[in-house]
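A quick write-up on the structure given underneath.
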Amino acid sequence: MIIRWLKRIILGVLLVVLASLASISALVATEDGSRWLIGKVVKWLPERIGTLEIGELKGNLLTGLDVTFFDFKQHRDGQLHQRYRAKDVSFRWQPFALLYSAVSVQSLEAKDINIILPPPSGEPRAEPFEWPSFALPVRIELGDVQLRDIYIQRGRQPLVYLQSISGSLSLGTFNFRMDEFAVVTPSYGAEVSGRIGLRFPYAASLNTNWFYDLPVREGAEQDPVHFSGAGDVRGDIQELDIEHQLATPFIIASEGTFLPNLVTEEDQPRQSPEVKLQNEWQDQQLLARWFPANLVPPISSATLDVSGWYDNYHALLNGEVTQEALGEFAVQADVRGDLKHVDIAELAVQQINRDDIAPTSQPAELKTNGEVTWLPAVNWELSLAAEHVNPAHYLPEWPGNLRINLLTTGGYSAANGEVTDGNAPNESVKKTLSVRITELALNGQLRGLEATGRGDAGYDGQRWFSDQLRLTLGANQIQVSGSYSDQIDMQWQVNAPLLAQIDPRITGTLSTTGRLQGSLSEPRMEATAQGKNLQYQGYALDNVDLQLERTGAGNYALALTAQDVQINQQRLEQLQLNGAGNLAQHQLQAKVNSDTYGELTFDVQSRYDQGTWRGKFDALEIDMDKLPRWWLTSSEWIQVDAQQASTGKQCLTTRVRWGNANRTEGTTDTDVADNSDATVDEDSSAETPQLCIQGEWQAQSGVQLQASLFAAPLRQARPWLKPDVTLGGVVDGEVNFRLDTNLPNKTSAFSGMTASVNMQTRDGELRYQFADEEPNVYVWDSAQLTANVEDGKLDGRFVMDWAQYGDVQATTQIDFEREDITGDVTANFTDLAPLEALIPFADDVQGRLAADVQISGTLQQPDVVGQLNLVEGVAKLPRLGVELTAVTARLQSQRGGNIDLRASAKSGPGNLQITGDLNNLGSDNWQLQGNVTGDNFQVLQQQQLNANISPAIDLSASSEAIRIQGTTVIPYARAEIKALPPSATRVSKDVVIIDDEREETNVVGIPVFINLDLEIGKDVHFNGFGLDSKLVGKINILQSPPRALLTTGYVSVVDGIYKAYGQELEIERGRLLFQGPYDNPGLDIRAVRETPEYEVSLEIGGTLQQPSSQIIPGDGLSESQSMAILLTGKPLSEASAADAYMLLSAVSGLGMSSGPGIQEEIARTLHVDELTIRSDDGLEQSSLSVGKYLSPRLFVRYVVGLFDQAFSVEMEYQMTDRLRLEATSGEAQSIDMVYKIER
């Protein structure tokens, strides 16, 4: 019975257990059971703990669940205290791991996680501190964590947004392990692998990778700067060893130790951690965005040792910086500081001179020390010292070696002086910068000149100021003092006697003093300036003087005088400017003189108000070279501002007594001012000439200009005509011009331009007045020029009617946008006499001319078709002395740029023909073929020269070369030369020309090749300089670029007689040999003198520029005797003193190699001790010296000039062996004592 009950009881318990297991399995192993169980838990959750809301469930509690969302909330006092919400939550786990005291979650995923943390609790109660243990009896494992989009906030304040959390975690009995555990945000992230102990001292071994994107300021068009690195951490809470490698944007290796200092020997926590970190990087280029676009970023290498903590750190820097333009520098720094300031014990920058480059100067060095504070406000006090500063590294034209010392203080703080909270900056508080430099001491050299600087300068946020700043360079000095802000008070003094020391391009002397006060809108200034010999590039001033003085309240007197003003190639001899008044209302008088252009004087009253200047001429006079004077008759206001400018009508005349625009009644104006010859008759018309101009410019519309000319005398053109020609009559005209400068699409420079020109003459005539002859008058009926420009097109027409002589007409149409041109020119003259004024080298022009030419095509390649015919032409060429007759010319042009020329003329007994063919005119492959032929054509008929030529010359030309070849014969020539013109005199080779303003220019053009043969005919005779003979010969002229002109050949003397020194010498052989430059032929001359007893000869060789001569003595004669016979006809023993003088002159002039020997023999003949010719100062200063010893110690010398006949007497007396007395009496008198010392 008992056994039966026991069986029943065991079976019942077993059934209960099995039923319980079956129930539990039904709850956790099935989806429905798990949903029911979780629902009961949610329902039974006490409200004080919180409320939990769970979305749709899938899966079971035994293997894992997928939940669409869950939301846990906790409220306190009716307010949300904390909340945890997530979507798409999924986890998988191993429940049987509980049997091994472990919670193993294989995976955990969720997204859109919102976490609202509870408010922070109050101050913790003070309790004895003990290091906690985080060890758990159960191991918790999270295998694969994937959490995305996590938003964490406290109350309503967002704290952080995490893009993802991923990795594996394990929390057990001894360690907290992480495997690729990563936390990523939009701008930074980190991944950690390793372990951390859960009991004191929390030993750790971690590997980490991280990144951080440094944000850019709002609106900047740049990507964030990406930082990334990797590091290892080993140690515990007492000491951590750190190794780190920064990968981007620089590579920096760091290692060190971190001492948290959280425990003491009594195991009590304390603050002030400490880090000791060594950093090193090599050849790292800094980011380009930190530097200007045109500056290459520098490259740096350095070591940086940091110790301490942010509230008390110490940093040591030792490195090098290299910048392409600035060079290489060494940098050392030793600083201490905290989060509010830094103390700079030393900051040194030294330039490095590389070993492979020889240093040109000592390396520059900069040292500074002091203190910089940035909280609660930015302030600094620094001492700077720089040595061996060479500005040539940055300004190549300023080499030097400078030493600079200064003290700088300043700050950046609130404008009212209040201190803002550095931890919470107030952006609304306006801050200002203040800086001051004191104790400035600059010494050294610039450009080899001493340079110094002393003084101070500063800025207090409102004004720049300096008590005194003085700079000197060489002999130049500048001093400045005062202040500059809304109100100005500045004084200056400049003394620069050698401006070339400042800039070699500037020469001269400048000194100025002055003071500027007031404001920019109402300045008050006094100044003086003087300059001499000022020159800069193409600008120069010989003398300038400026005086600006205050004459009363707001009034000034200005006086400016400048002399010899040069502006590029233009020169003004004098410039004067005087003014009186103030900026609002003033009067200016000016006078400008130019030898080239004439004189300009004006008197203008002007005003200035709120950016607008207004002026009006009271007087204006223009006296230009070769033109009559123009005087002002009336003037309207001229106004100029930043947006527009307008000039009222300004009218001028050439009549006298229009001294100003407001002339008084009753003054006459009938006299005509004329710079031309007094013989010119006045115009019959009493009309007053007048030129009026007015215009306007506006920034929005453009420019317009109107000009009118009435009764301007044509005689004003006389300076450009031949001396015997004048013009009569007047010219009237109008010019209108408008240009729209704001067109959106301009296709050419003429777009938006509208212009018209209309000019015509009245009572026109041309007068010829030859000496005392009656003038020839040629009247033309009309001459008119009209032109119009509109819509980018030009339409022009010119007509001139010479009545019975002929007429000329020309029309043209140009489309500037299409660059097309059409036009025609017609001319028909039965008599060319009126056109003589257009041919300056010809007189008595006659003939008939007809022309008919049409123009078409483009501006780049016009097409000219037509012909020009000249017949029965006659002209005299006064300079050549010849008269051309039977002149005919036919010029015919065809399409395609082909032009044919046929011309002929007669002169003297001969004639000349010219032919030419030009093809492809206007294109790059143009070609010209022509020739010049003639027979006995007279080219010269002057008092000393007469010559005829017979040319046969061929000419060919293209864009690549010009070739001239052929022959020219001179069949007839007569030369009767009395003297050479000055231009034919060659300057001595020892003459040095200084201050030659002519500039050498290399003309680059088409190369010219010449190959001409010049033959001297049978009837060519030369008579001049004692030579009377016929000439024959042949010369070849050859030029082949880049070689210079080369002449080869000869010219021979036939039947020549040479007369010199009263004797006649027969030219036995005489030739000029050309083999190089044309102006230095070789000489081969032999002259013979025969007497009844002797025959001697003289041979001349060398070159024309350096001749040499030699006496060929007769039988039994010396050279001296032969020379005497050759020149005097008698032996030397019979020569007189005058003959000796002549002989010495001949020896000097002929350049005889045996001259000294001949002089000695002449001296013996005349019984003197010295007979020489001195030419130390050139041939023109040559002198004859004759001397004789009157006693062994006394020597007397007589000196007479060979050309200027100046004479002097010299005496030398030898007092002792070393002491000598010398005396001279002549144009100048002198006496000298000479003491001789032998070494």
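The working numbering puts the first residue of the sequence shown at 10, with every later residue one more than the last. All C-beta atoms, glycine included, are put in the ideal place defined by N, C-alpha and C.
Closest by CA to residue i, which one among the options?
| i | options | result |
| --- | --- | --- |
| Leu384 | Leu348, Leu411, Gln359 and Leu886 | Leu348 |
| Lys82 | Ala914, Pro307 and Gly59 | Gly59 |
| Asn745 | Met809, Val798 and Thr821 | Val798 |
| Asp554 | His253, Asn485 and Ala536 | Ala536 |
| Ser1049 | Gln1115, Asp498 and Leu1021 | Leu1021 |
| Arg1078 | Leu180, Ser1061, Asp1124 and Gly624 | Ser1061 |
| Tyr981 | Leu954, Gln974 and Ser965 | Leu954 |
| Met499 | Leu519, Leu507, Gln477 and Asp512 | Gln477 |
| Gln496 | Thr522, Glu531, Asp512 and Tyr468 | Glu531 |
| Ala1219 | Ala1237, Asn69 and Asp241 | Looking at the sequence itself, residue 1219 is Glu, so the reference to Ala does not match. Comparing Cα-Cα distances from Glu1219 to each of Ala1237, Asn69 and Asp241, the minimum goes to Ala1237. |
| Tyr1103 | Leu1074, Ile205, Trp407 and Pro1122 | Pro1122 |
Taking 7 Å as the cut-off, decide whether the C-beta atoms of residue i and residue j are in contact.
| i | j | result |
| --- | --- | --- |
| Gly882 | Val891 | no |
| Val381 | Gly420 | no |
| Gln162 | Ile125 | yes |
| Tyr617 | Ala651 | no |
| Ala851 | Ala884 | yes |
| Gln510 | Leu458 | yes |
| Gly68 | Leu74 | yes |
| Gly906 | Gly875 | no |
Hey, how far is the Cα of residue i from the Cα of residue j?
| i | j | result |
| --- | --- | --- |
| Ala460 | Glu396 | 14 Å |
| Thr1233 | Gln578 | 50 Å |
| Gln1084 | Glu969 | 28 Å |
| Glu783 | Gln870 | 49 Å |
| Ala229 | Ser196 | 17 Å |
| Gly607 | Phe719 | 23 Å |
| Asn414 | Gly464 | 11 Å |
| Thr1056 | Leu1092 | 15 Å |
| Asp292 | Ala311 | 9 Å |
| Ala1053 | Ile973 | 15 Å |
| Trp102 | Ser43 | 15 Å |
| Tyr211 | Leu271 | 12 Å |
| Arg412 | Ala450 | 8 Å |
| Arg911 | Ile1025 | 28 Å |
| Thr39 | Leu66 | 11 Å |
| Gly426 | Ala628 | Its pLDDT being 47, under 50, Gly426 is placed unreliably by the model, and nothing is read from it. |
| Ile923 | Val786 | 34 Å |
| Thr266 | Asn123 | 38 Å |
| Trp140 | Ile246 | 11 Å |
Could you pull out every residue in the same chain whose Cβ sits closer than 6 Å to the Cβ of residue i, ignoring the five residues on either side in sequence?
| i | result |
| --- | --- |
| Trp7 | The chain is shown only over 10 to 1248; residue 7 falls outside these bounds and no answer can be derived. |
| Ile971 | Ile1015 and Val1017 |
| Asp840 | Tyr814 |
| Ala859 | Asn837 and Asn878 |
Which same chain residues end up closer than 7 Å to residue i when comparing Cβ atoms and leaving out the 5 residues on each side of it in sequence?
| i | result |
| --- | --- |
| Pro368 | Low confidence applies here, because Pro368 scores a pLDDT of 48, under 50, leaving its location unreliable; read the following figure in that light. Taken in chain order, the residues that qualify are Asn362. |
| Arg472 | Ser492, Tyr493 and Ser494 |
| Ser392 | Thr377, Asn378, Gly379 and Leu416 |
| Gly517 | Leu508, Gly540, Lys541, Asn542, Leu543 and Gln544 |
Spatial neighbours of residue i within its chain, please: C-beta separation below 8 Å, excluding the five flanking residues on both sides.
| i | result |
| --- | --- |
| Asp1241 | Leu1230, Glu1231 and Ala1232 |
Compute the minimum distance between the beta carbon of residue i and the heavy atoms of the ligand FMN, and state whether it is under 6 Å.
| i | result |
| --- | --- |
| Gln938 | As presented, the structure is devoid of all ligands, the ligand FMN included, so that no description of it is given. |
Using a Cβ-Cβ distance under 7 Å, would residue i count as near chain C?
| i | result |
| --- | --- |
| Thr194 | As a matter of chain content, chain C is missing from the structure shown, which is built from one protein chain. |
Check your understanding: Does the segment 787 to 803 touch the segment 766 to 777, meaning 3 or more C-beta pairs lie closer than 8 Å?
Key -> A contact exists between the segment 766 to 777 and the segment 787 to 803.
Check your understanding: If you pair each beta-carbon of the segment 820 to 836 with each one of the segment 859 to 877, do three or more pairs fall below 8 Å?
Key -> Touching, per the Cβ criterion.
Check your understanding: Does the count of Cβ pairs from the segment 219 to 233 and the segment 170 to 187 closer than 8 Å reach three?
Key -> Verdict: no, contact absent.
Point to revise | Segment contact, 8 Å Cβ cut-off, at least three pairs: the segment 732 to 744 with the segment 801 to 808 | key: In short, these stretches do not touch, since the Cβ pair count stays below three.
Practice item. Answer yes if the segment 872 to 880 comes into contact with the segment 938 to 948, meaning at least three C-beta pairs across the two stretches below 8 Å, and no otherwise. Key: When C-beta atoms of the segment 938 to 948 are compared with those of the segment 872 to 880, fewer than three pairs fall below 8 Å, so the two segments do not count as touching.
Point to revise | At least three beta-carbon pairs within less than 8 Å, the segment 895 to 909 to the segment 949 to 966 | key: Touching, no, given that fewer than three Cβ pairs across the two stretches are closer than 8 Å.
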